[in-house]
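For reference, the structure is listed below as structure tokens.
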Amino acid sequence: MTDARDPIGFIPLTPRTFHILMALSAEARNGYRIMGAIEENSKGKVRVGPGTLYEALHRLRGRGLIEEADPAADEKSDGRKQRFYRCTTLGLRVLRAEAERLAADLELLRGSELSGGA
Amino acid sequence: MTTSMDRFERLMLAWYGVALVAYPERFRETYGREMVDVFHSQSLRRRVRGRGAQFRFWALAFAELIPSGLRVRLEAKGYRSRFAPSHEFESRSPRREFMQSVWQDIRFAARTLGRTPLVTVVALLTLALGIGANTAIFSVMNGVLFNPLSAPQPDRLVVLHESNEDQSFLWMSYNSFLEYEQQSTTLQHVGAMRPQSVAVTGGDRPPERIRGMFVTAGFFDALGEQPAMGRDLLPGEDAPGDDRVAVLSYAYWQRRYGGESILGQIIVLNNYPHTIVGVMPQGFQFPYDDTSAWISFHTFPRPLDQNVSMLAVGRLEPGATLEQAEEEMGLIAGRLAEAFPEFGNDRTAQLLPIKQLFVGERQQQLFVILLASVAMVLLIAAANVANLQLARATGRGREMAIRTAIGGERWRLMRQLLTENVLLAAVGGILGIAVAVGGIRLLVANGPGWIGSMYDVDMDFTVLGFVAVVSLATSVLFGLAPALRASRVDLTVSLREGSQALSTGFKGNRFRSALVVSQMALAVMLLIGAGLLVRSFQALQSVEVGFERDNLLTMQFRLPGNKYETNDQVVAFYDEMSERIRAVPGVLDVTFAQGMPFAGDEGRFEFLKDGVEPGSEVSVPMVFTNRVALNYFEAMGIPMLAGRTFNAGDREGSAPVAIVSQNLVDQFWPGEDVVGRTFRQRGDTAAISIVGVVGDIRGRGLDSDWQAFAYFAHTQAITRFATIGVRVPSDPSSYTIAVRDAIWAVDEDQPVWEIMSQNERIGSRISSERFATSLLLVFSAVAMGLAAMGIAGVIAYMVGQRRHEIGIRLALGAERQRILAMVMGQGAMLLGLGLILGVLGVLGAGALARLLAGLMFGVASVDVVAFTVAPLLLAGVALAAVYFPARRASRVDPGIALRYE
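Going down the list, the sequences are from chains D and V.
So the first sequence is numbered by this note's numbering: it starts at 2 and just counts up by one.
So the second sequence is numbered by this note's numbering: it starts at 424 and just counts up by one.
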């Protein structure tokens, strides 16, 4: 199932959204794991609590960037009925578009005189 | 993750679960469980890093709930937010952060207010009415009392008049004026003035009468206003024998000449040609807004030096005070009295700030009463809004508790509540300004003539400032009390018992009840005041005037002396005019007089009855005099009580005769037959015989006493000025054109004016009363409505609180009628207390009674009808309002009520 919507319409992403999509791009995760992944990937720079996390998940689901996923087999033993989420194709395209945008911006910055000083 | 939680973690977890109410229900249903789980597991995970890490996590988790919940709620309502709004990672300056939080407060406040639309609309209307009415009255009062003239520095302008021991306000002679003008050092400029109606004739335009003003050259200098075109009067153009010149008003120039260039042209005023030398700027008006021409003084019909007929207007020298100037004028007057004893040696000069010339004590009283009542309406409105806000704040006790629990700072909660109230007051204030603008228009359009005619009534900055203060003060008043209460919530109680915790406090209800009681008291005071004025107005309207006032068309004219020179010419004009008017189809009768009742043109003279030797009199009484048509009494419906009426034999040269009113007989010859007796006018030797006695009339004011009148036949005592009265079968106004044409058929150059029915003439005399009465009626109706809303709201609120209890009572077998009676009884108690306090308040407020007494006529200050009807009316309306929540209480479903909470 492909989504025809143009990913450009969704970027730029806020760091929080970017990190959530990042966390859900490789594998399906539940809320607890998403938080862990964000903490790890951003080295604690991006702070997300349960409230903002589920707010973002709710919105991303509503816009079709992520979807509910079956948990991997080894996760079921947990006994908790937590939902797992993963990126949709649209979500992945949005993430890629955002990554390209950031890369282009970085490229621009490298070419400028600012780069040496930092 | 089976690590067991400690007590603190358990509490946090429980609170977090509760705090999720920040999100909409559907969101909670979907994610609530997971969120709690994540919260839980993350808390435990952080435990290994120490309590500090845990606390930081909790702070983050709770703090993000409100903004996050708000965003979700907004989106759920279709509010388009940015894709993923997040402020956390943007660069933060303290100022920006503050502005963002203020904006957030405002949006949140708007949403909160919008969640209870009915309450908010009622509050806004209440505020708009309270603030708007206050501003309108204040604006009019500001325009009239404090800022009456367009002239620069109007408070430096004074009116100079004379007085003696008997009369406090006398006009001065031209000679006196010249002395004051030449000798004064404390007055910068002095000009004489005399308002006068002026006939404009000639040219190819119809004759008309305009309001004019005779002035001397110093007049415009004193006012500090110059013509926009041409010039004003020069010294040498204002004295007898000089060229006659006129300065026109802008409006009249536009109306009569269509704005053509007219400087140097001739205009015929009072049958004398005048050269037009100037046109005043647009908007200049003095003393009336329809004053159309300022004219050289010597055009005045009688020679100036024989006349006591003018006032002076002066501008105080910089630094001079009113007292200094008055002292100096007194000295000049003293010298004058020595030099001209014939004008009376007790004459002295007095100065009056110019605004007092236009706004009498009565008008000031009227405004104080209106302002007082409007302030009462504002208080009632304020109590209503306070009550609404209190109820709202209590209902939100749970929200406040949660916000406090999750670390919402107390001042932040206060700020949120204050934002709501300031927002409410701001919107209410804006609506109030709209109401005020409309109100001012209404006041000026429907008020007595003196409001709109003389003054620039406009919203000005003072008034705007006043509104701002009123609306800010009320908002703080309303907002702070509930905010303080709400933010002092006992957390554990609130969380355990939810929204009920705050409301069951007896104190809260007592305060609300006190508000309702004071509303009722204020409303009943206003109603009683309005009732008294209505009664007084009724009494005024039904006052016996002594003549037939219905179906009488009246109009005025003045025959120019240089056209109708002889008495025969004047009498011939009246005869022919009467004949022609009588020939108009439908006209029953026509008569005329120098002074028609309520036109205010009667004369007065000093009355000496027969037997009093000239020179021996101590003090001489004044009586009214009127020169009338021969058929005057018959046509006016004034009964002949003795003797005969005038007839054609009473003419110039025959023995002077008079007909007197019963009141005059009672004053000077009580109980005697006066036909055949004589009297004299002071200063005249001729004895006048009384040939008849007629019934009394009230001709000056409905609240005045019967007047002592001596009537003369117009054939014997000529009058060039007259008001005619045309008796018609119905609707006097429909005869206006025909009657006026009949007059013009006699003399096509003769202007007529003040065309109105006699009832309109009388009505214009009581326009202040009518105005005050109808306004006070409106105010008290608004007050009653507000008070009814107030009591209904509070009772509804109390019913809501006691739902549970009522449910139990019903479940235990209480009859629904008893519940209804119980609730109604609660309302009746508040109502009764308020009524008693209000009635006592009116009785006790001596100041209020004195104020009202100034405007009251023929009604006892403790009028039984007003004091009965007003409380009954309020009681009826209030109980009807209470009935709705009471009925709802009696229909509580015990099952639902008991399940609830």
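Note that CB positions come from ideal geometry on N, CA and C, so glycine has one too.
Residue-level contact to chain D via CB, residue i, 8 Å cutoff
i	result
V/A1210	no
V/S524	no
V/F934	no
V/V441	no
V/A507	Because the pLDDT at V/A507 is just 40, under 50, the model does not fix this residue reliably, and the value given afterwards should be weighed accordingly. Chain D contact via Cβ: present.
V/L493	no
V/A828	no
V/Q527	no
V/L467	no
V/S514	Legend: pLDDT at V/S514 = 37, less than 50; position of this residue unreliable, value from coordinates given subsequently. No - not a single Cβ of chain D is within 8 Å of the one on V/S514.
V/E511	Caution applies to V/E511, whose pLDDT of 33 falls short of 50 and renders its modelled position unreliable; the model cannot decide the point.
V/D1316	no
Contact with chain V by residue i, beta-carbon distance below 8 Å
i	result
D/Y55	yes
D/Y86	no
D/G32	yes
D/S78	The predicted model places D/S78 with a pLDDT of 48, which falls under 50 and marks its position as unreliable, so this point remains unresolved.
D/M23	no
D/E101	no
D/H1	No information on residue 1 of chain D is available, as it lies outside the stretch 2 to 119 that chain D covers here.
Coarse secondary structure for residue i, derived from DSSP in three states
i	result
V/R515	Confidence in V/R515 is poor, its pLDDT being 42 and thus under 50, which makes the residue's placement unreliable; the coordinate value appears in the next sentence. In this structure, V/R515 counts as coil in the three-state DSSP scheme.
V/P650	coil
D/F85	strand
V/N844	helix
V/T539	coil
V/E683	coil
V/S926	Because the pLDDT at V/S926 is just 43, under 50, the model does not fix this residue reliably, and the value given afterwards should be weighed accordingly. Three-state DSSP puts V/S926 in a helix.
V/Q576	coil
V/T714	strand
V/W1176	strand
V/S941	helix
V/L1125	coil
Residue(s) in a DSSP beta bridge with residue i
i	result
V/F709	None; V/F709 has no bridge partner.
V/P696	V/V691
V/G1148	V/T977, V/T1014
V/A1136	V/V1051
V/E1029	V/M1045
V/S562	Per DSSP, none; premise fails for V/S562.
V/H584	V/Q773
V/I1082	V/G1115, V/Y1134
Closest by C-alpha distance to residue i, when choosing among the options
i	options	result
V/R1150	V/E1095, V/V1010, V/G553	V/V1010
V/V1088	V/Q1104, V/D1119, V/T1068, V/R1074	V/D1119
V/E1025	V/V1007, V/F1135, V/M1000	V/F1135
V/E498	V/F521, V/R534, V/A476, V/M522	V/R534
V/D460	D/R62, D/R84, D/L96, D/P16	D/R84
V/V542	V/R1241, V/I718, V/W1167, V/G1213	V/G1213
D/E68	D/R97, D/S26, D/E40	D/S26
V/G1261	V/M652, V/A944, V/T539	V/A944
V/V691	V/E967, V/W1167, V/E631	V/E631
D/I39	D/E56, D/R60, D/P16, D/G52	D/P16
V/S607	V/Q619, V/L593, V/L583	V/L583
V/G1208	V/G753, V/D578, V/V800, V/P650	V/V800
V/F720	V/M733, V/Y454, V/E683	V/M733
V/S466	V/M435, V/L488, V/A804	V/M435
Boundaries of the beta strand (DSSP E) in which residue i is found, first to last residue
i	result
V/Q611	610 to 624
V/S1156	No beta strand (DSSP E) holds V/S1156; DSSP gives it neither H nor E.
V/T1101	1101 to 1104
V/S1190	Premise fails: V/S1190 lies in the alpha helix (DSSP H), 1190 to 1224, not in any beta strand (DSSP E).
V/W1129	Unbroken run through V/W1129: none, as it is neither H nor E.
D/I21	Looking at the DSSP string, D/I21 is not in any beta strand (DSSP E); the run it does join, the alpha helix (DSSP H), is 16 to 27.
V/A1110	Premise fails: V/A1110 is in no beta strand (DSSP E) and is neither H nor E.
Check: residue i C-beta below 7 Å from any heavy atom of the ligand FAD
i	result
V/Y1055	The ligand FAD is not part of this structure, which contains no ligands at all.
Limits of the unbroken alpha helix (DSSP H) element including residue i
i	result
V/V1098	Neither: V/V1098 is in no alpha helix (DSSP H) and is coded neither H nor E.
D/I12	Segment: none, D/I12 is in no alpha helix (DSSP H) and carries neither H nor E.
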